[in-house]
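Trainee: The structure that follows is given in the form of structure tokens.
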Amino acid sequence: MWDIEGKTILITGGSSGVGRATATTLSAKRADVVITARNLERARQAADEIEQSTGNQLRPMELDLASVTSVRAFCKRFLEEQSYLHVLINNAGTVQAKRRETVDGLEMTFAVHYLGPFLLTSLLLDRILQSAPARIINVSSRIHRLAKNGLDFDDLQLEKGYSGRRAYAQSKLALELFTRELAARLADKAVTVNSIHPGAVITNLRADAGPLVKLLFFVLRPTLLTPEESAEAVRLLATDPALQTVTGQYFSKGEQAEPSEQAQDIAAAKRLWEATENLLASLPTRGYS
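First residue of the sequence shown: 209, per this note's numbering; consecutive thereafter.
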């Protein structure tokens, strides 16, 4: 195992579900774990409870990936307080049965699953590079395969025909394309970028997710895993020395697998990157550097 004792690991959405279980198992290995949640009190409570079970102190921080302002504020504070970032785990997620917009006027699922992680990773990338060898892990989903027609670049915000299934699938496909493109851009660096479907897991998804939750469970059967079981796959991706140089790959429940054909579209990945830069530049906060 890659020795992670004393290594700094950032886990978004670390107060519950797979994120919390991952934080627990990595904290038990004496890593310096930072967990985030939209609600700081929830992050603090989770950090305290994990510390009680592992004997290792965690750092809770507030982060709302649906807000560009929140992402920027978080990164500024993180960079001021943390000298290293060895592992970034983009884990936070959401399920929205009805279309909702963020404070920035963006579709919620797209913002939380893709745009927020893109901005977060971009703002922290220099620190990650300085900490190399390092790893970036994007927690994805097998649901990305449902976006069989690829991304609709004319309607990334799903204004012309929203469904929770479509929003979830497209946002996870975007995350997959981001994984491939970032890995390509960092090919000559000692920083790996991979995505993982940790398995179908019962978590505290929004109660109003309605039929979409049933769809998720149907597609991801036949087995449903506990958060702890799913977290083990994420832990392996973060710590396995055999994966030290593996990058740009998709993993399913701990095993390297083949993502959808659409997720391997190099041209689409480059186009999405450019579209994302333009989108961020169009927001009042301007850009992402």
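The beta-carbon is built from N, C-alpha and C at its ideal position, and this holds for glycine as well.
Identify whether Asn486 lies in helix, strand or coil by the three-state DSSP scheme.
Mentor: Position 278 of the sequence shown, counted from the start, is the residue given in the question as residue 486. Note: Asn486 maps to helix in three-state DSSP.
Trainee: Asp240 lies in the beta strand (DSSP E); which residues open and close that run?
Mentor: Here residue 240 refers to the residue found at position 32 of the sequence shown. Element bounds for Asp240: Asp240 to Ala245.
Trainee: Going straight from the alpha carbon of Asp416 to that of Asp396, what length do you get?
Mentor: Within the sequence shown, residue 416 is the residue found at index 208, counting from 1. Within the sequence shown, residue 396 is the residue found at index 188, counting from 1. Residue confidence for Asp416 is low, a pLDDT of 46 falling below 50, so the modelled location carries little weight and cannot support an answer.
Trainee: What did DSSP end up calling Ile212 once you bin it into helix, strand or coil?
Mentor: Along the sequence shown, read from residue 1 onward, the residue named residue 212 stands at position 4. Coil at Ile212, not helix or strand.
Trainee: Can you look up Gly227 in the DSSP assignment and give me helix, strand or coil?
Mentor: For this step, residue 227 is matched to residue 19 along the sequence shown. Gly227: helix per DSSP, three-state reduction.
Trainee: Work out the CA separation of Phe318 and Trp481 for me, nearest whole Å.
Mentor: Counted from its first residue, the sequence shown places residue 481 at position 273. Counted from its first residue, the sequence shown places residue 318 at position 110. In a straight line, the C-alpha of Trp481 is about 14 Å away from that of Phe318.
Trainee: In its own chain, which residues sit with a C-beta less than 6 Å from the C-beta of Ala342, not counting the 5 before and 5 after it?
Mentor: Position 134 of the sequence shown, counted from the start, is the residue given in the question as residue 342. His294, Ile336 and Val399, listed in sequence order.
Trainee: To the nearest whole angstrom, what separates the beta carbons of Ala355 and Ala377, a pair I think is in contact under 8 Å?
Mentor: For the purposes of this step, residue 355 is taken as residue 147 along the sequence shown, with counting starting at 1. For the purposes of this step, residue 377 is taken as residue 169 along the sequence shown, with counting starting at 1. Right, their Cβ atoms sit about 4 Å apart.
Trainee: Going by DSSP in three states, Leu287 sits in which element: helix, strand or coil?
Mentor: Walking along the sequence shown from the start, residue 287 turns up at place 79. Helix.
Trainee: Taking the alpha-carbon positions, what's the Tyr292 to Met316 distance?
Mentor: As a first step, residue 292 must be located in the sequence shown, where it is residue number 84. As a first step, residue 316 must be located in the sequence shown, where it is residue number 108. Looking at the two C-alpha atoms, the distance is approximately 30 Å.
Trainee: Among residues of its own chain, excluding the 5 on either side of Ala465, which ones have a beta-carbon nearer than 7 Å to its beta-carbon?
Mentor: Residue mapping note: residue 465 aligns to position 257 of the sequence shown, counting from 1. Only Tyr458 and Phe459 meet the Cβ criterion.
Trainee: I'd like the span of the beta strand (DSSP E) that includes Leu328, first residue to last.
Mentor: Counting from 1 along the sequence shown, the entry for residue 328 is found at position 120. Unbroken run through Leu328 is the alpha helix (DSSP H), Gly324 to Gln338; no beta strand (DSSP E).
Trainee: Tell me, please, which residues DSSP counts as bridged to Pro268.
Mentor: Translated into positions along the sequence shown, residue 268 becomes position 60. Pro268 is bridged to Ile243.
Trainee: Determine the extent of the beta strand (DSSP E) in which Ser460 is found, giving its start and end residues.
Mentor: By 1-based counting over the sequence shown, the position of residue 460 is 252. Segment Tyr458 to Ser460, the beta strand (DSSP E) holding Ser460.
Trainee: At the level of alpha carbons, what is the spacing between Arg414 and Ile219?
Mentor: Taking the sequence shown and counting its residues from 1, one reaches residue 414 at position 206. Taking the sequence shown and counting its residues from 1, one reaches residue 219 at position 11. In this prediction, Arg414 has a pLDDT of 46, which is less than 50 and means its spatial position is unreliable; what the coordinates show is noted afterwards. Approximately 20 Å between the Cα atoms of the pair.
Trainee: Who are the near neighbours of Arg285 in its chain, counting only those whose CB is closer than 8 Å to its CB and skipping five residues on each side?
Mentor: What you label residue 285 is simply residue 77 of the sequence shown in a count that begins at 1. Correct list, in chain order: Met269.
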